[in-house]
Structures are given as C-alpha cells and as structure tokens.
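Structure first, commentary second.
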Amino acid sequence: MRVARHALISMLWVGLCAPGAAYDTADTVVEIEASADAFADGEPSKPSEQGWLRIAPRVTRQLSSRLLLTAAPVLEADSHGDIGRDRLYDDRDRDLRRAPLRFERLSLRFDLGPVKVEIGKQPLTWGRTDAVQATDNLTPRDWTDPLREARLSPWAVRFNFERSRWEGELALVPRYAPSRLPRVGGRWAPVEPIRVANPLFPAAGPPELEVDLEVAAGEFPSTTLDNLQTGVRFGRRGGRAEWAVSYYRGFDDAPRLEPFVGELDPATATVSILLRPRFAELEVVGADAVLLAGAWALRAEAGHFRFPEGLDDDFLLYEVDLEWTRGARRVVIGYVDRSGAERASGLGASSTGIVSGIAAATPVALDLGFVPAAFVSLGRSLLTEWEASVEAFIGTEDGDSLLRLSGSLPTGKGLRLGAEIDLVDGKAGSFFGAWRDNDRLRVFTKVTY
Amino acid sequence: MRAKSAVIVGLAAFLGMAPLTGAAPAGAADPERLDGRAVMERLDESQRTESRYAEGLVTVEDKGRLREKAWREWRLGWGGEARGLVQFLEPAEVRGVGLLTLGRSGRPDEQWFYAPAMDRHRRIARVEKSTRFLGTHFTYEDMEPRDIDDDDYRRLDDAEVEGAACYRIEARPRPETESQYSKRIVWIRREPLVTVLVEAHVDGKLRRTFRGSDVRTIEDIVTVHRWEVEDEKRAGRTTLVLGNVRHRLELGDELFSREAMRVLQPPP
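Protein sequence lines correspond, in order, to chains A and B. Going left to right, the first sequence walks through residues 884 to 1332 as the numbering used here numbers them. Going left to right, the second sequence walks through residues 50 to 317 as the numbering used here numbers them.
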C-alpha cells in the first residue's frame, strides 16, 4: 500500500512537472495569506499575539482531453507551535499536530463522459447546510484552530455520475484518519493542574499526586477491505427543489479519548494518565434537500448515526437553514440539534480542562459539541469586492455563544486586507464558555495571483 | 418549437446564448411592413446555432479605477432550453468561479454558482438575477437566454444609430414571465441585421444602456464583438470585448453539469 501510494504521488508530480506533456497549458493560482491574532487574555502561558503564514498554490494540468491533474498543496507556518515542526509532511494525517505541508488536492481525474473518476487526495464534501454537515463523513476536520475549521482531504477514489436531472456519487476511502483535535495543553485545550489522592499513602509518597496527562497515539483501523470507508450519494434536482440521499459506512472521525491510569511515581509525586484514542465503527444514513421560493431557500440536512459496535446509542443529527438573498446580501437563520443520544464532548469544557470532558470516552467532536444551537449569519459578499459579515452561534441549552464580525477589502493587484473579531462567551462548563478568555482580533492580508 | 427572443439585453445574449445580431434571410417580406415580432423572428432565424464558444474580457470603470475580468463561455442548444457555462479566468481571485445555467422553456432557468475556495455548488435563488454579476454593470439576468415568447413586441419609429438605418422595437415582458426590466427598446441595424443599441428600463425609467460595435461575421453569424454597458444608478461603465468566437462546435452534454464546474475547462 505504501509503495502504491508513493508511486501515485510520483506519477502525479511527474505529470505536473513534465515538460511538453500538457494537452493544454498548465493553470496556476497562488494564494498567500498572512494573519496576526491578538487575544484579550494575555496570560503568560498563552501568548496574546500569534501569527500565521499560509501559501496555497493550485496547479492544474490537462494531460489530454479526458485526463486532468490537480495539485493544491498548502504550506503553513505559525509563531506559536500549533503547526508541527518535526517533519514537513504527514501523509497519513494522523499526527497530533498539523504538519507544515498538506494537500487539499493531489489527484488525477478521468473524464469518461457522464462518469468522472477522480483518484488521489481530494476533499469529499456533500453537506448542504452551513453549520454542521451531517452527511460529510468522509473528510475529517482539523481543529488546530477550532474557530477556523479546516478539512483533511483523504486519499480516495470518487466516481461521479450526472445525467439529466439525476446525479450519483460513490467514494471509497481506504485509509482512516481521525479529525485532528486542538493541541492538548495549548490555548484551545488547556490542561489545568489536577491533583488526586494517593492510594498508596501513607505507605509511599505524599497524600496527593499530580496528574501527568498525555495523549497517546491511537490504534488506527487497519487498511483492509473490511475497513474500507464507503460513501454513496444519489440525488435529483428539480425546477425549484433538489434532494439527495446518502449512506456512509466506515469509522467515526471524532476520536474517543479513553483515560488509562499509568505509572504512579512516588518519588516525583505524579501519576500518569494516558488518553488513548479509540475509533468507532459508524454507519450514517443521510438526506439533504433545498427548496427554492423566490428570494428564499430552505436547506435541510440530516443524518442517522449508528454505531455497529454499540459504543453509543443511535442518534439523529439534523440542521435546518432558512436563507434569504438579495443581490450580494445574504441572511441565514439556522437550527441544529441531535436526538437519541447524549451530546458529544467539546474540549476543555470542564473545570479541569480536557479530562472531565472526555472522562466518559464520548466522541470528541468540536462540530457537534455546541449542539443544540441556533445561528444567524448576515453578510455581504461579492467576489472581487468588499465583504462584510456577522455570524452568531448560540447554544440553546447552555446559552454559550460565539459572535464573529469580519470584513475585507480588495486593494488592487490581487491584494485583499481584512479583519475578524471573535467574541466567545458562556458559563464555565459550556462548550464556548471554556474559551471565553479567548476573544480574538485577527487581521490578515491575502494576495492572489 | 418556440422561437428565440432577439431582445436579450444580457451577457449571454452578447456571447450568443441569445441572438442580438444576424443577417436577414433570403426572401424576407417587405421590411417596411414587418411588425415588431416579425423583426425579432427574422433576427432569431439568422442567429440560430446549436452551440457556441467565446472568450470575454470585461473592463469595469468605476470611480477612476479600472478592473478587468476575463472568462470563457460555452452554449449548447437554443432558445428556452439552451444551456450555458461561464468560467472566470481573471483576476486570480475569481479564477475557476463558474456559473451554470440550464434553461427550461416556459419556466425559470436553473442556475448554480461554484467557487473553488468553497468546493461546493450553490443553487442560486431566482431573485439574485437582478443583482450585478461579479462587480460588473451586468446583472445575473443579463447572463440568461430569454425566450422570444417571454415578451410582447411593438415596432416604433425607425431611427439611425451612427448613420445606419435601424428598426426600433419595444419589448415588454409578458405578465407571466419574470424580469427586472419593465421594457427594453432595441435598435436593430437593417443591413446586416444586427442589434447595436438596447435601452433597458426598470419601472418605466431608463436603467441600463448597452451599445454594440465591432461587428464581424464569424462562420456566417454576424456578431457584435464589443459592448459597452452603463447603469443609470451606478457610476462608470463596463466594456465587454469578445474574442475567439466559434460556432457549431461539438459540445458534450457533460460540459453543462455541476461536476464540470469543478474543473477549469480548456477551450475547445
């Protein structure tokens, strides 16, 4: 498998770089974005300023009328250690930290008339709603910066069929990768000092021990035919409505962190607790639809989640969005909820930080942790012009919230300047409340050429 | 089969999804006796092709600034059932942005918008068609083909445009059809039969003026290669220059699919 993957990568790069092989000229767009964050807290353990640099070229090359190569690497660096520095590229996307280099797309696409086949690293996004996409289960999330979710494109084979009003898609993902959680001990997953009673006292050590918390490498599902992640989607579009149904069989991208008590060291008065990820088998039957009526669009998406191993009860995750558009202005009001099982855990959503939130080994899914919630989004967006938006997520159970104000302005020559303010609020123990000291101002500049 | 309107004031029209220009067919009736509808039908007949490709360069002048946008456009079919795909090339910020239009005769068109950054298609609500298209003086409606039966026509007094004799036709949307325009006045040069000026009115007031020039014949189809658009409610103007216009291409159905929008399509 490793040899085959490297052979595929080599083939893709040769195709992209080989002179004279192109059916048409290569097409390249490069986006460079630099951003700086300032936080309100200013605690010594959490630097109140940080910076990001992101370089994202996208190269496509038409090798023949029916064969297209695409490479979209993303090269990133930061000032504060969220981006790993141990190695340049993490092909498996399983490292606890995001590597400086990743690929949003590195694929070969065959055009077979009404059927398109794409092989390689690619995002597989089927969701139709804005906040939580219940039908997007093939592409894990990256919550390195949880307020700016990224997607981890898997290696996959995708077949797409489109004919008249019907559309179908089949995607196969041979290797599992979980969603990446924020760095434990970092800004978004703080670990507060925890002390527990020493069971060996007074025979050995002091009466209390300090907990040394560590996230272990998980035991990932093997890359076998039995573990092949499969998604299939089938839909129809009409004059005023579209719908699709989908089915996913594979593994939950949200890891379950199970705590294990390790060595007790009386000499240092510490006990180690190991958080070991576990990856549950998952089946999701999904449906999504949009209904258009004048300026209004009603979008809905739902997924019935079932865990064949019985690790969790079944539940239904659903979202309904009502969208109004007029010109460049867009307003969305939505509600997302789940029924049938307890909510997923957020990170750090407890007084002791990460530990109590995961003590029951519930799936750690930051896109579900704030459910049930309502959200509102008002914005003006017209490509190549100024943009502005206000977004608010409000947990309807705990009253916690995230308010985001953002805007940007093109200044010519492909340059865009912008700023974003994230205001996080909520009581201790709530999802957003755990981050309430992390109000953030972000300024960015982006150049595209 | 329904005939195609010649009174389209839109980008799609300029690019060939709707006929604005054309040569008069042989054996036509006395031009002096033609009514508005008959003029339009002649124009329609002369422009009918099953497919077309063109490249557009649009320059937006706004408050002393010049901004350029370039795209490729394909059209398959004719009339209310025509399908169109527009993909932007420049500026880099919008490279790969696409607009897919599937015409449905007698019903509102279906449109999808695609932006590579999102990697998702978005079905566009119909009301968006009255807004500006990507910062130009055109609107989304101007991108659409329009069926000849969507309007009622009245021939007005003939007039001249830059010394050339023109038919002058008033087109008003029929009550059952949707349009941001309450009426359009179209100047159609008599020889060759080609539209050179369109005034589009909203609520009885002039809103946009489209001026055509650089008329060339491409594969027997007379085509305006340069259009200037001015909006009464917005300063500046948008100029559209067409290039590499080709007709009667063999275009596959799959080019007009949502999946095809994900890839920047090469020229035919």
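Where a beta carbon is used, it is the ideal one built from N, C-alpha and C, also for glycine. Note that the structure is predicted; figures quoted are calculated from it, not measured.
What's the C-alpha gap between residue i and residue j?
i                            : j                            : result
glycine 1231 of chain A      : proline 983 of chain A       : Confidence at glycine 1231 of chain A is low in this model, with a pLDDT of 44, below 50, so its placement is unreliable and no value can be given for it.
glutamate 308 of chain B     : glutamate 1032 of chain A    : 25 Å
arginine 1046 of chain A     : leucine 1175 of chain A      : 22 Å
arginine 1319 of chain A     : aspartate 973 of chain A     : 32 Å
tyrosine 1130 of chain A     : asparagine 1020 of chain A   : 10 Å
phenylalanine 162 of chain B : aspartate 84 of chain B      : 39 Å
leucine 1132 of chain A      : arginine 1063 of chain A     : The residue you asked about is not leucine; residue 1132 of chain A is arginine in the sequence shown. So the two alpha carbons sit approximately 20 Å from each other.
proline 1090 of chain A      : valine 1154 of chain A       : 12 Å
leucine 1083 of chain A      : proline 1061 of chain A      : 38 Å
glutamine 160 of chain B     : leucine 1285 of chain A      : 33 Å
glutamate 1280 of chain A    : alanine 1257 of chain A      : 10 Å
leucine 1053 of chain A      : alanine 1172 of chain A      : 19 Å
leucine 1011 of chain A      : aspartate 1305 of chain A    : First, the amino acid is wrong: residue 1011 of chain A is arginine here, not leucine. Near 24 Å, if we compare the C-alpha coordinates of aspartate 1305 of chain A and arginine 1011 of chain A.
serine 100 of chain B        : leucine 138 of chain B       : 21 Å
phenylalanine 305 of chain B : proline 1138 of chain A      : 40 Å
leucine 205 of chain B       : arginine 86 of chain B       : 12 Å
proline 157 of chain B       : glutamate 227 of chain B     : 8 Å
valine 1273 of chain A       : leucine 1261 of chain A      : 5 Å
arginine 1034 of chain A     : phenylalanine 986 of chain A : 10 Å
leucine 183 of chain B       : leucine 1265 of chain A      : 6 Å
glycine 261 of chain B       : glutamate 248 of chain B     : 12 Å
leucine 246 of chain B       : phenylalanine 259 of chain B : 6 Å
Hey, could you find the ends of the beta strand (DSSP E) residue i is sitting in?
i                         : result
aspartate 1204 of chain A : 1198 to 1209
tyrosine 189 of chain B   : Segment: none, tyrosine 189 of chain B is in no beta strand (DSSP E) and carries neither H nor E.
serine 321 of chain B     : Residue 321 of chain B is absent from the model: chain B starts at 50 and stops at 317.
arginine 1221 of chain A  : 1212 to 1222
glutamate 1141 of chain A : 1139 to 1148
serine 100 of chain B     : 100 to 111
arginine 981 of chain A   : Run containing arginine 981 of chain A: none; DSSP gives neither H nor E here.
alanine 1087 of chain A   : Per DSSP, alanine 1087 of chain A belongs to no beta strand (DSSP E) and is neither H nor E.
histidine 296 of chain B  : 283 to 296
valine 273 of chain B     : 270 to 280
alanine 1180 of chain A   : 1179 to 1189
Does the CB of residue i have a neighbour CB from chain B at under 8 Å?
i                         : result
glutamate 1125 of chain A : yes
alanine 1211 of chain A   : yes
lysine 999 of chain A     : yes
aspartate 1019 of chain A : no
proline 956 of chain A    : no
glycine 1122 of chain A   : yes
glycine 1297 of chain A   : yes
tyrosine 1130 of chain A  : no
glutamate 1045 of chain A : yes
tyrosine 1218 of chain A  : no
threonine 1008 of chain A : yes
threonine 1331 of chain A : yes
Which residue marks the beginning of the alpha helix (DSSP H) containing residue i, and which one marks its end?
i                    : result
valine 94 of chain B : The sequence given here places glutamate at residue 94 of chain B; valine does not occur at that position. Note, glutamate 94 of chain B: alpha helix (DSSP H), 85 to 96.
Under 8 Å between C-beta atoms, does residue i make it to chain A?
i                        : result
arginine 238 of chain B  : no
serine 306 of chain B    : yes
valine 312 of chain B    : yes
arginine 91 of chain B   : no
arginine 153 of chain B  : yes
arginine 169 of chain B  : yes
glutamate 122 of chain B : no
glutamate 303 of chain B : yes
Please say whether residue j and residue i have beta carbons closer to each other than 8 Å?
i                             : j                         : result
glycine 105 of chain B        : leucine 291 of chain B    : yes
proline 1073 of chain A       : proline 1029 of chain A   : no
glutamine 1005 of chain A     : arginine 988 of chain A   : yes
threonine 1267 of chain A     : proline 140 of chain B    : yes
isoleucine 197 of chain B     : isoleucine 218 of chain B : no
phenylalanine 1042 of chain A : glycine 1101 of chain A   : no
arginine 121 of chain B       : alanine 131 of chain B    : no
alanine 313 of chain B        : glutamine 136 of chain B  : Reading off the sequence shown, one finds leucine at residue 313 of chain B, where the question assumed alanine. Their beta carbons are under 8 Å apart, which means leucine 313 of chain B touches glutamine 136 of chain B by this criterion.
glycine 1290 of chain A       : glycine 1301 of chain A   : yes
Problem - Contact list for the stretch 252 to 277 of chain B against chain A, Cβ threshold 7 Å - result: For the stretch 252 to 277 of chain B, the set of positions with a beta-carbon nearer than 7 Å to some beta-carbon of chain A is empty.
Practice task
Could you please tell me which residues of the stretch 180 to 207 of chain B, in chain order, have their CB closer than 8 Å to any CB of chain A?
Solution key: Within the stretch 180 to 207 of chain B, the residues whose Cβ lies closer than 8 Å to some Cβ of chain A are Thr180, Arg181, Leu183, Gly184, listed in chain order.
Exercise for the section: Using a Cβ-Cβ cut-off of less than 9 Å, list which residues of the stretch 941 to 952 of chain A approach chain B; keep chain order. Expected result: Here the close residues are Arg941, Thr943, Gln945, Ser948, Leu951.
Exercise for the section: Taking only beta carbons into account, state which residues of the stretch 126 to 149 of chain B come closer than 7 Å to chain A, listed in chain order. Expected result: Answer in chain order: Pro140, Ala141, Glu142, Val143, Arg144, Val146.
Handout entry: Contact set between the stretch 973 to 996 of chain A and chain B, restricted to residues whose Cβ is under 8 Å from the partner
Key = Residues Arg992, Asp994, Gly996.
Practice task
Closer than 7 Å, Cβ to Cβ, to anything on chain B: give me those residues from the stretch 911 to 925 of chain A, in chain order.
Solution key: Residues Val912.
Exercise for the section: Output, in sequence order along the chain, the residues in the stretch 1251 to 1273 of chain A whose CB is closer than 8 Å to any CB in chain B. Expected result: Result list: Leu1265, Leu1266, Thr1267, Glu1268.
Practice task
Using a Cβ-Cβ cut-off of less than 8 Å, give me the residues of the stretch 1154 to 1186 of chain A that come near chain B, in sequence order.
Solution key: Under the 8 Å Cβ criterion, the stretch 1154 to 1186 of chain A contributes Val1173, Leu1175, Gly1177, Ala1178, Trp1179, Ala1180.
Handout entry: the stretch 154 to 167 of chain B: positions lying closer than 8 Å to chain A by Cβ
Key = Taking 8 Å as the Cβ-Cβ cut-off against chain A, the residues of the stretch 154 to 167 of chain B that qualify are Arg156, Pro157, Glu159, Ala164, Pro165.
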